[in-house]
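Using our numbering, read the sequence shown as starting at 942 and increasing by one per residue.
Glycine included, C-beta positions come from ideal geometry on N, C-alpha and C.
Please read all numbers here as calculations on a predicted model, not as lab measurements.
Note sheet for the following structure.
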Amino acid sequence: MHTPDMCIRKRAILALTILGFWLCGAIASSAEPLEDWVPDITPRGEITAIEKPVLDAYQRLLERSPTARRFHRFASTRNGRRTLAALALALVALGFAARRLRATGRLTLHLRFPNEIEGDFEVQLHTRSQRRSRANNQRSTPRHTRVAVCRETQFDRVAPGRWFLTIEGNFHAPESRAVLAAVNEEIELTITARQCTSIDHALPAVETPVEFRVQWDRQPARDIGLSVRGQPDTLRFAAHGKSRTTLPLGEHVMLIGAGDRVVEETVRITSYEPTVIQIDLAAPENLVFKGCPPAVTPFLQGDFGDAARALERDGQAEAASLLRARIHQEQGQTERAAEQLESAGRVKEAAELRRSISDFDRAALLYENAGDLRHAAEMYDAAESWDEAARAWAALEEWDHAVRCYEKAGDHDALIGALEAQGELFRAAALASERDDRARAIRLLQQVGPKDPEYGRAVELLALAFEQEGHLDLAANQIERRLELLEAGDNPSPLELHLAELLDESGDHARALTVLERLRDREPTYPNIASRIESVRKKLSSSAQNRTTAGFTPPAGATAFVAEERYEILEEIGRGGMGLVYKARDRRLGRIVALKRMPENLRDHPGAVQLFLGEAQAAARMNHPNIVTLYDADQENGHFFITMELLEGLPLNTILKQRGRFGPRDTARLGVQICAGLQFAHGQGIVHRDIKTANLFITKERVLKIMDFGLAKILEAVRDKGATLIAGTPYYMAPEQAAGKVADGRTDLYALGVTLFELSTGRLPFSEGDIADQHKHAPAPDPRTIVEGYPAPLAELILHLMAKSPEERPESAAIVGQRLARMTGS
């Protein structure tokens, strides 16, 4: 690499070489025979003691050396003196050059500015300050210059000492190449010999050119003022709606005022390219206040106090409160700022400030007033206000949090509800049982499904609840189910003994004896098994002797008691083809029940009475969340009745009248629950025979319950022999049922198809003329011809259910439920 230092060195060597050749040639050309010539250098005047030895030595040198005599003779001539003088000067210059070469330094300059922009600079080194030179109208010639510098440059062979580095140029936008800012910097520095001086210099910050074009209802606004919030010194005024300024990258809140109003506009600057921003003063979104010209200029200048007083004088208390809130917030008075925001109706902003100062209770209340329940719940949680926190979480259906807060609050009733909503049915039921709320515990335990990990424990707890309520037959059913759930290796003996005791106490001595004998066969040495068997046999024998032909007794397993004055009728709550329904109080157990009185002519049919008690017993054994729980069946003063759980809600036919029809997805959801109840009943060998919207009940918890299981069969038995009516409702009746043939589970599926048709279309498939004949012979109408956009899967399922032949219908309610579940999207 060729450098200035190398040039200096080459030139110096070349000059010395030429001078040496010239000197040698000059001496040689003037040479003469000098063997006998010896010059006399004795001076004419007096010499000093110092000069004499030097002259003597030089005289002796001349006498001995012919070369010295030639040099002396050459130096005595005019040309010789000139040559020697030039040689002396060259040696001196060479010395200075060598010294300069040996004692220089280096300078490296790094310029720092954002990568998003470009720079073009001229960098110079001066021995004097250019600022002073300009002040004195002088111009200094630079010693070193670099042009077109962007971010880095280097100077070599800089003489040691103090220097002044000047940087002049412009910043440019990367795309438009627009000049963003001019740079004129001077740096004083010192160069040290044989060292590299590195300068890392940050150039002034660069801002983006921004032009604000302010309009008022699409016309340029006049006499506007514009400033950056929090920077009063940025206030600028413009007469014709345009104002130019520069802003750094980032987000800025601009205050724009004109006439009687001020708006705040949030501006985000993301690049260094020149930007144009349109602002409409007539837009209401960012309006701070209007109608108060005296408040405009103080607000733009950052004097919010003066602006607030002007607004208050003008009757704008809300806007004044907002300004005072801003003043307090800038002064660090957060609580007072929150109070002002509350006064201005800005409850959510006030809540944020309360939260920032850990005033959680007040923040929660403000969030709740603002409709932000999630933040309200979090604040109540932080304040350890467990009741309010639980209530808020429950409103959000965040049941995990609601359960936790209800536990800490000690609100057990609400905790049970939250656990139920969370799906923790067994845990909710166990808590209800601990609090002696057996009715609630029973309802919850009935909803625990076989797939639940706690299903076995739920069955045991349900059996205990039924036993405590006096329903020994229902308790026995649960114990039998628990025995079925036992795994290999589990000991069934305690459960079997308990089952036998329940059956014995409920009067079902035959089944009790069977259970005890089975236990004895497996464990002959079980404690007291022989005496227990003997006791049950005696009771069974005594029961057989007391039975008379004139009367009748409830079948084995039915609850036996004298019902006289046990139930207190409170009010009539319904009536229908099955009889009247009352709300009643069970005086013995202290609970409210639904009491359904059967038709008066039931007692005229002894076979129907046996059928009634048998059907009631079968229905009582069914324990399913989608089937109404039957408590008891008995007679009082010749009137037969059944008691069942009292439901809160509405029959499905009433809801259907209110809504007109259900959507396909809601219809499918209801159908899934109907199928679950039917599948359970069919598994027990029980057919409903009268599935319809009037026998389906929707509770407040949105659980569907099937009512009146087996009662259609009883109604058929008590009709006059000459009557042509049969069990069931004609509008929902399957063809085989209308023909008086044996009904099975597929009969219920036909009625289910009619019910789904009615729910999803708002009408029955056959509603005029000979209904029974149409069910037997007329093709079922396609729901897709009634409701536009009706989904094909649901229409095809309904037509499948309403097939004329039972063999052509789905095999079971479980299969129908699966098809419906796919339509719900779950």
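If you draw a straight line from the C-alpha of G1256 to the C-alpha of P1239, how long is it?
-> Position 315 of the sequence shown holds residue 1256. Position 298 of the sequence shown holds residue 1239. Their backbone Cα atoms lie some 17 Å apart in a straight line.
In chain order, what residues of the same chain lie with their CB nearer than 6 Å to the CB of E1126, ignoring the 5 residues before and after it?
-> Looking up residue 1126 in the sequence shown gives position 185. Correct list, in chain order: I1108.
Considering only the beta carbon of each residue, do H1142 and I1128 sit closer than 8 Å?
-> Sequence index remark: in the sequence shown, residue 1142 carries index 201 (1-based). Sequence index remark: in the sequence shown, residue 1128 carries index 187 (1-based). Yes.
Length of the line joining the Cα atoms of D946 and M1195 | Residue mapping note: residue 946 aligns to position 5 of the sequence shown, counting from 1. Residue mapping note: residue 1195 aligns to position 254 of the sequence shown, counting from 1. In this prediction, D946 has a pLDDT of 49, which is less than 50 and means its spatial position is unreliable; what the coordinates show is noted afterwards. Going by the C-alpha atoms only, they are around 58 Å apart.
What span of residues does the alpha helix (DSSP H) with N1432 cover, start to end?
-> Within the sequence shown, the letter at position 491 stands for residue 1432. Here N1432 belongs to no alpha helix (DSSP H), and DSSP marks it neither H nor E.
Alpha-carbon spacing of L996 relative to T1018, whole angstroms = Start at 1 with the first residue of the sequence shown, and residue 996 comes out as number 55. Start at 1 with the first residue of the sequence shown, and residue 1018 comes out as number 77. Cα to Cα, the separation comes out at about 20 Å.
Helix, strand or coil: which one does DSSP assign to E1059?
-> As a position in the sequence shown, residue 1059 is number 118, starting the count at 1. E1059 falls in the strand class under three-state DSSP.
Please classify S1184: does DSSP put it in a helix, a strand, or coil?
-> Locating residue 1184 in the sequence shown gives position 243, where the first residue counts as 1. DSSP places S1184 within a strand segment (E or B) once states are collapsed to three.
State the CB to CB distance for the pair A1223 and W1157, rounded to an integer number of angstroms; the pair is presumed to be in contact (CB under 8 Å).
-> As a first step, residue 1223 must be located in the sequence shown, where it is residue number 282. As a first step, residue 1157 must be located in the sequence shown, where it is residue number 216. Correct: roughly 6 Å between the Cβ atoms.
Can you pull the DSSP bridge partners for V1151?
-> Position 210 of the sequence shown holds residue 1151. BP columns for V1151 point to T1186 and T1216.
Quick one: complete beta strand (DSSP E) runs, 3+ long, within the region 1188–1254?
-> Within the region 1188–1254, the complete beta strand (DSSP E) runs of at least 3 residues are 1191–1199, 1202–1210, 1216–1221 and 1228–1230.
Ends of the beta strand (DSSP E) at K1717?
-> For the purposes of this step, residue 1717 is taken as the residue at position 776 of the sequence shown. It is not in any beta strand (DSSP E) - K1717 instead sits in the alpha helix (DSSP H) that spans I1712 to H1718.
Have a look at T1500 and L1536 and give me their C-alpha separation to the nearest angstrom.
-> Residue numbering aside, residue 1500 sits at position 559 when the sequence shown is read from its first letter. Residue numbering aside, residue 1536 sits at position 595 when the sequence shown is read from its first letter. Low local confidence applies: a pLDDT of 39 at T1500 is under 50, so the model's placement there is unreliable, and no value is given.
Spatially closest choice to H1353 from A1236, K1231 and A1371, by CA coordinates | Within the sequence shown, numbered from 1, the residue matching residue 1353 stands at position 412. Checking every option, the nearest Cα to that of H1353 belongs to A1371.
Got a sec, what are the start and stop residues for the alpha helix (DSSP H) N1594 sits in?
-> Taking the sequence shown and counting its residues from 1, the one referred to as residue 1594 is at position 653. Note, N1594: alpha helix (DSSP H), L1593 to R1600.
Decide if P1566 is buried, meaning its Cβ has at least 16 other Cβ atoms within 10 Å, or exposed.
-> To locate residue 1566, count along the sequence shown from 1; it is residue 625. With 16 or more other CB atoms across the displayed protein chains lying within 10 angstroms of its CB, P1566 is buried.
Alpha carbon to alpha carbon, what distance is there between D1164 and T1133?
-> Here the question's residue 1133 lines up with position 192 in the sequence shown. Here the question's residue 1164 lines up with position 223 in the sequence shown. Rounded to whole angstroms, T1133 to D1164 spans 59 Å at the Cα level.
Among E1577, Y1572, L1611 and E1205, which has the Cα closest to the Cα of P1592?
-> Taking the sequence shown and counting its residues from 1, one reaches residue 1592 at position 651. Checked all of E1577, Y1572, L1611 and E1205; the closest Cα to P1592 is L1611.
If you count every other CB in all the chains shown that lies within 10 Å of the CB of C1091, and 16 or more means buried, which is it?
-> Sequence index remark: in the sequence shown, residue 1091 carries index 150 (1-based). Per the 10 Å Cβ criterion, exposed.
Whole-number beta carbon distance between L1264 and D1252, since they are thought to touch under 8 Å | Along the sequence shown, one-based indexing puts residue 1252 at 311. Along the sequence shown, one-based indexing puts residue 1264 at 323. With the sequence shown as reference, residue 1252 is identified as Leu, and Asp is not the correct amino acid for it. L1252 to L1264, Cβ: 7 Å. Contact.
Which residues mark the beginning and the end of the beta strand (DSSP E) in which N1111 is found?
-> For the purposes of this step, residue 1111 is taken as the residue at position 170 of the sequence shown. Segment G1102 to H1113, the beta strand (DSSP E) holding N1111.
Can we say the region 1143–1162 touches the region 1182–1198, given the rule of at least three CB pairs closer than 8 Å?
-> Counting C-beta pairs closer than 8 Å gives three or more between the region 1143–1162 and the region 1182–1198, which meets the contact rule.
Going along the chain, which residues of its own chain have a beta-carbon closer than 8 Å to the beta-carbon of V1124, five neighbours each way excluded?
-> What you label residue 1124 is simply residue 183 of the sequence shown in a count that begins at 1. Excluding residues up to 5 positions away in sequence, G1060, F1062, I1108, E1109, G1110, N1111, F1112, L1144 and P1145 lie with their Cβ nearer than 8 Å to the Cβ of V1124 in the same chain.
Is it true that the CB of A1713 sits closer than 8 Å to the CB of R928?
-> Shown here, the chain extends from 942 to 1767; a query on residue 928 therefore has no answer.
Please report the Cβ distance between L1403 and I1383, rounded to the nearest whole angstrom; I am assuming they are in contact, meaning their Cβ atoms lie under 8 Å.
-> Translated into the one-based positions of the sequence shown, residue 1403 becomes position 462. Translated into the one-based positions of the sequence shown, residue 1383 becomes position 442. 7 Å between Cβ atoms; contact.
Compare the beta carbon distance of G1448 and L1530 with 8 Å and say whether it is the shorter of the two.
-> Start at 1 with the first residue of the sequence shown, and residue 1448 comes out as number 507. Start at 1 with the first residue of the sequence shown, and residue 1530 comes out as number 589. No.
Check whether the region 1674–1691 touches the region 1586–1603, counting contact only when three or more Cβ pairs, one atom from each stretch, lie closer than 8 Å.
-> no
Given a threshold of 16 other Cβ atoms within 10 Å of its Cβ, counted over all protein chains shown, does V1217 qualify as buried or as exposed?
-> Numbered from 1 along the sequence shown, position 276 holds the residue referred to as residue 1217. Counting every other CB atom within 10 Å of its CB across the protein chains shown gives V1217 a total below 16, marking it as exposed.
Bridge partner(s) assigned by DSSP for D1573 | Residue 1573 sits at position 632 when you count from the first residue of the sequence shown. Partner(s): T1584.
Around the C-beta of V1099, are 16 or more other C-beta atoms found within 10 angstroms, so that it is buried, or is it exposed?
-> The residue given as residue 1099 occupies position 158 in the sequence shown. With 16 or more Cβ atoms within 10 Å of its Cβ, V1099 is classed as buried.
Span separating the alpha-carbon of G1590 from that of K1641 = For this step, residue 1590 is matched to residue 649 along the sequence shown. For this step, residue 1641 is matched to residue 700 along the sequence shown. Rounded to the nearest angstrom, the two C-alpha atoms are 5 Å apart.
Apart from the five residues just before and just after I1639, which ones in its own chain have a Cβ nearer than 7 Å to its Cβ?
-> Looking up residue 1639 in the sequence shown gives position 698. Hits under 7 Å: G1590, L1591, L1593, I1596 and L1645.
Going straight from the alpha carbon of A1617 to that of I1568, what length do you get?
-> In the sequence shown, counting from the first residue as 1, residue 1617 sits at position 676. In the sequence shown, counting from the first residue as 1, residue 1568 sits at position 627. Approximately 9 Å, taken between the alpha carbons.
From R1345 to G1397, what does the alpha carbon distance come to, in whole angstroms?
-> Within the sequence shown, the letter at position 404 stands for residue 1345. Within the sequence shown, the letter at position 456 stands for residue 1397. For R1345 and G1397, the distance between alpha carbons rounds to 26 Å.
Jot down the residue ranges of each uninterrupted alpha helix (DSSP H) in the region 1384–1450, minimum 4 residues, whole runs only, in chain order.
-> 1396–1410, 1413–1426 and 1434–1446
Nearest-angstrom Cα separation, counted from R1287 out to F1367 | As a working mapping, residue 1367 is identified with position 426 in the sequence shown. As a working mapping, residue 1287 is identified with position 346 in the sequence shown. One C-alpha to the other measures close to 45 Å.
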